[in-house]
Structures are given as C-alpha cells and as structure tokens.
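J.: My structure is below; once you've seen it, I'll send some questions.
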Amino acid sequence: MYVLAVFLLPIVAVALVVRPRWRLGLRERLGGVPATEPGRPAIWIHGASVGEVTALAPIVRNLRRELPSHRLVVSTLTLGGRDAAAARLPEADARILFPLDAPWIVRRALAAVTPCLVLFSETELWPNFLDALATRGIPAIMVSGRVSARAFERYRRWRTLFAPALAGVRVFCVQSLESARRLVALGAPPSRIVVTGSVKAAALDGAAATDRLSLMRLGAASVPVLVAGSTHAGEEEAVLAAFDRVRAVAPSARLVLAPRKPERFEEVAALLRARGARFVRRSELVAGASWPVTAPVVLLDSLGELAALYPGARAAFVGGTLVPVGGHNVLEPAAAGVPVVFGPHTEHAGGAAARLVAAGGAVEVGDADALARVLVAWFTVPEEARRAGERARAVIAASDGAVAVTLAVIRGVLAESGAAARRA
154 MYVLAVFLLP
164 IVAVALVVRP
174 RWRLGLRERL
184 GGVPATEPGR
194 PAIWIHGASV
204 GEVTALAPIV
214 RNLRRELPSH
224 RLVVSTLTLG
234 GRDAAAARLP
244 EADARILFPL
254 DAPWIVRRAL
264 AAVTPCLVLF
274 SETELWPNFL
284 DALATRGIPA
294 IMVSGRVSAR
304 AFERYRRWRT
314 LFAPALAGVR
324 VFCVQSLESA
334 RRLVALGAPP
344 SRIVVTGSVK
354 AAALDGAAAT
364 DRLSLMRLGA
374 ASVPVLVAGS
384 THAGEEEAVL
394 AAFDRVRAVA
404 PSARLVLAPR
414 KPERFEEVAA
424 LLRARGARFV
434 RRSELVAGAS
444 WPVTAPVVLL
454 DSLGELAALY
464 PGARAAFVGG
474 TLVPVGGHNV
484 LEPAAAGVPV
494 VFGPHTEHAG
504 GAAARLVAAG
514 GAVEVGDADA
524 LARVLVAWFT
534 VPEEARRAGE
544 RARAVIAASD
554 GAVAVTLAVI
564 RGVLAESGAA
574 ARRA
C-alpha cells in the first residue's frame, strides 16, 4: 500500500499546483479533520461528490433517527460535494473532505474520527483507507456499489493492491449482478455480496426540495422546456443544434443548459455568444426574477439547483453520455416524470438507463442528429412526451426497497461489531 501512496502523491502535488481550487480544504485532505468527542461512537459515511451525497440522504436520515447518540461524519472528494452535504444532509454532525489515500494521512484522519463503522458508496475503493480499517478491526460496508466496465479494467490492473483491501470489507451492497461478478473477479469474497439495487431512487423525492430554483418560480411552468443536465465538452453543440430544430416546430420552447463542471461555465457562455444565442445566466437572475422571454436559454452557472428544474420540463437530456464519460444521474428527471434522452455512454448509471429504455421512459441515441429527432418528436406531440414521462416515473416507483435492505445490513453489522466488542 505504501508503494501506491508514493506513486500517487507526486501526481497529487502537481494537481495542487495546476488546479488552485484543489488547495481549498487542504488541511482536511491531509487528515486534519474535527475530532469525535470521547465516549460518542461515530459512523463515517463517504460519497464522492454531489450525486453520491444526494443518494446517501435516506441512509443518513434513517441512521440519525435510529442512532441519535452516534456522531454522523460525511466525507466527500469535492468541495461541491461538501456543499451539497451541508445543504442536503442536515442530520450529519460533520461534513469533511476525504483524506488523501496515503497511510500516514489515513491514520491521522481515523485517529480523529474514531469510527465504529464506515459506509462508502458506489466505487469509492481506496486501498490504504480500506487496509487501515481492516487493520483496526473497523467494519466497512459498500453502499449502492457499482463497478462499471471501465472501472473494472482500471482496478484489475491493480488487483494485487485491491484484493487485500476488499477482503476487509464486511458487506458489499451492490446495484446489480454484473457489479457483483466484477467485485468477485477483483477479489471480494462472494459470501459478503448482497444485490440490493440502487438507493438513488429513494433519495430523489427530497432532493429537489432543498433547492431554490424551479420552472414555476422562473415563470416558465406553462412553456415547453428542455433541460440539458450535466453536459460535457462536445455535448453543448449537439444540444444547441437540436434545440434550434425544436424551436423550428415549437417557437415557444426554452432550454436550461447545465454544464457539469463549474470551471466550464465561461467556456459554455462563450460558445452561446459565438452561436448568437440569446441567453441569460442563472447568476444574473436575482431572487424573484422571471426567465426573460427575450432569452430562450438559461445557462445554469450554479451548483445544486439542477434537480429542482426537472419537474415540469417537457424533456431532459442527461450529459456525459454522448461523449465517453460514462453518464450522470438519469434517475433525477425520471423521478420528476420527465422523459429522458441520453447517448450510448451510460456505464455510471448502472442498470438504470437500460431499465428506463426498456420501459419506454427514455431513448438512447447515438449522435446529435438522432438526439434532435427524438426531441422534435416530444415537442411536436406533447402527449407522447407525457406518456413517456409517466413510464419513466413508474420505473422509479418500482425501485423502492434498496434502502430498507441496506439499512438491515447496517443494523446487522453494528450488532455483530457491538457483540464482538463486548466479548473482548
């Protein structure tokens, strides 16, 4: 494990120089996190960023209700994730940045938090962190785990490092059989794997409630709106070209364009200006301001407001799918009853994208032209879009149960570790 840390730290050092934003919160990344008060047990809950933190909300809420005396510490890799945790997880006692995965840094963070249990979501496999937990006898549980084909190939190259760390995880709660098979191939004991499904669907109902913006508040509830969420470089051009074709058949249509990364807000604004698009930035809309009719496009240059803009939209495009990124949260628009269109790169969505397509609540497209054809159809025939949205919402309704199973696993592990501590 030390070899991996020595290999990674120079990369981290370069990143801190190249990306000044990464230097924010450096003390926490080096293990300087708030200490747990003596005598109070702590549960450490980790999610990579905004999407994972949102998905963990029902787990955190239930743990707070069932374990009022425990300290709940939520960690994320990103500053945006930490901000989302502050907004969406008020039940947590602390929200911190995850420590760099070097043995001496991990030891410092664990000494401060002193967790009796660690929960980590999706694909957050940090070898030194997991190894330190196993060494200290601290049980760890994977929550809503998934291993995409791309991640599997990456982890497999480091199997000799990951296999010992995986062996120390008490239970792997995974989204699909495919992820279960990949974890076994990486060295996870098959007897410790439970297929629960994704907990994201259960988190969606409350996710938008904490956000400030909505189509209704913008005065756009009565016009057809396309929400293009979490877009990446190369996708905005496709969306804007498709939107031009939509406006040809539905002149009142409007577009919410939400780049995934804040550092691209200026780049996308420049793209809109270069195309001669009439747009307004979200940051220019003061509290209570309506969406001006002279600007068909809103550039969502803010964080944490996307989910609240899906309800009432005519259609949604989910980004990271027309380019080989792996996709983002296809369940958010589906939960709002909005038909979804996305590209072929949906590895990060687990089986959710396939389920939506199979149910007729979403369409997968291969290129910009196909994207435009689907959107034109939905904006030309609103009833067709409405029926597709209902089918999408039905998929979400059928996804209930993952949280209950995951909580049962957590209760069991806590009971086992408590009994072991009493025997010792």
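Per the working numbering: the sequence shown ends with 577, consecutive numbering throughout. Glycine is no exception: its CB is placed at the ideal position from the N, C-alpha and C atoms.
Distance check for residue 352 and residue 321, CA to CA, integer angstroms please.
T.: Those two C-alpha atoms are separated by around 23 Å.
J.: Between 241, 391, 225, which lies nearest to residue 106 when the distance is taken from Cα to Cα?
T.: Summary: the structure shown does not reach residue 106, with the chain confined to residues 154 through 577, and so no result is reported for it.
J.: Report back the beta-carbon spacing between residue 393 and residue 233 to the nearest angstrom; my notes put them in contact at under 8 Å.
T.: Residue 393 to residue 233, Cβ: 25 Å. No contact.
J.: What are the partner residues of residue 269, as DSSP defines its beta bridges?
T.: Answer is none; residue 269 lacks a bridge partner.
J.: Since residue 336 is in the beta strand (DSSP E), which residue starts that stretch and which ends it?
T.: Premise fails: residue 336 lies in the alpha helix (DSSP H), 330-339, not in any beta strand (DSSP E).
J.: Give every residue of the same chain whose Cβ lies closer than 6 Å to the Cβ of residue 343, excluding the five residues on either side of it in the sequence, and list them in chain order.
T.: Contacts found: 337.
J.: Using the C-alpha atoms, what's the distance from residue 451 back to residue 584?
T.: Because the chain spans 154 through 577 in this model, residue 584 falls outside it and cannot be assessed.
J.: Below 8 Å, can you find three or more Cβ-Cβ pairs linking the stretch 322-332 to the stretch 465-482?
T.: No, they do not touch.
J.: Within a Cβ cutoff of 6 Å, which residues of the same chain sit near residue 465, ignoring the five residues on either side of it in sequence?
T.: Closer than 6 Å at Cβ, skipping near neighbours: 368, 374.
J.: Assuming residue 544 and residue 512 are in contact, meaning their beta carbons sit under 8 Å apart, how far apart are those beta carbons, in whole angstroms?
T.: Yes, they are in contact, since the Cβ atoms of residue 544 and residue 512 sit about 5 Å apart, within 8 Å.
J.: Under 7 Å Cβ to Cβ from residue 398, same chain only, skipping five residues before and after it: list those, please.
T.: 525, 529, listed in sequence order.
J.: Can you tell me where the beta strand (DSSP E) holding residue 207 begins and where it ends?
T.: Careful: residue 207 lies outside any beta strand (DSSP E), inside the alpha helix (DSSP H) at 203-208.
J.: State yes or no: is the C-beta of residue 483 within less than 8 Å of the C-beta of residue 459?
T.: In this structure, residue 459 does not lie closer than 8 Å to residue 483 by Cβ.
J.: Going by DSSP, what residue range makes up the alpha helix (DSSP H) through residue 515?
T.: No alpha helix (DSSP H) contains residue 515, which is instead part of the beta strand (DSSP E) from 515-517.
J.: Applying the criterion that 16 or more other CB atoms from any shown protein chain within 10 Å of the CB defines a buried residue, is residue 361 buried or exposed?
T.: Caution is warranted here: a pLDDT of 46 is assigned to residue 361, below 50, making its placement in the model unreliable, and the coordinate value is therefore given only provisionally. When all chains shown are included, residue 361 counts as buried.
J.: Thinking C-beta only, is residue 302 closer than 8 Å to residue 500?
T.: It is a contact, given that the beta carbons lie within the stated cut-off.
J.: Have a look at the DSSP bridge pairing and note the partners of residue 450.
T.: According to DSSP, which records beta bridges pairwise, residue 450 is partnered with 408, 432.
J.: Around the Cβ of residue 522, are there at least 16 other Cβ atoms within 10 angstroms (buried) or fewer (exposed)?
T.: It is exposed - the Cβ of residue 522 has fewer than 16 other Cβ atoms within 10 Å.
J.: Select from 228, 206, 430, 204 the residue whose C-alpha is nearest the C-alpha of residue 178.
T.: The option with the nearest alpha carbon to residue 178 is 228.
J.: Starting from residue 378, follow the alpha helix (DSSP H) in both directions and report where the run begins and ends.
T.: Counting along the chain, residue 378 falls outside any alpha helix (DSSP H), though it belongs to the beta strand (DSSP E) covering 378-384.
J.: So what does DSSP say about residue 480, is it helix, strand or coil?
T.: Looking at residue 480 - three-state DSSP - the assignment turns out to be coil, as it is neither helix nor strand.
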